[in-house]
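> Handing you this structure, nothing more for now.
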Amino acid sequence: MPMHQMKSIWTPLALFRIHFFRSDDGGLYIKIGKRRRRKISSKK
Numbered sequence: 001m002p003m004h005q006m007k008s009i010w011t012p013l014a015l016f017r018i019h020f021f022r023s024d025d026g027g028l029y030i031k032i033g034k035r036r037r038r039k040i041s042s043k044k
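Mapping of the sequence shown onto UniProt numbering: residues 1 to 44, in sequence order.
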């Protein structure tokens, strides 16, 4: 399994523990609370 670099994207939803991340390959991930990150879109 390859390692992906993630950058956190700040949004006001972060105050409610909803975080968005952008990966080095352009994918967008969401993390809600303590759950694992889920991919919600990919940039090809």
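Yeah, the Cβ is synthetic: ideal placement off N, Cα and C, and Gly gets one too. None of the values given here were measured: they were computed from a predicted structure.
What does the alpha-carbon distance come out to for the pair residue 9 and residue 20?
Rounded to whole angstroms, residue 9 to residue 20 spans 5 Å at the Cα level.
> Rounded to a whole number of angstroms, what is the C-alpha to C-alpha distance between residue 35 and residue 23?
Spanning the two alpha carbons is a distance of roughly 18 Å.
> Ignore the nearest five residues each way along the sequence and tell me which others in residue 7's own chain have a CB closer than 7 Å to its CB.
These residues qualify, in order along the chain: 21 and 22.
> Counting only the same chain and skipping the five closest in sequence on each side, list residues whose C-beta sits under 7 Å from that of residue 28.
Within the same chain, residue 28 has close Cβ partners 20, 22, 40 and 41.
> Distance, Cα to Cα, residue 31 vs residue 15?
C-alpha separation (whole angstroms): 13 Å.
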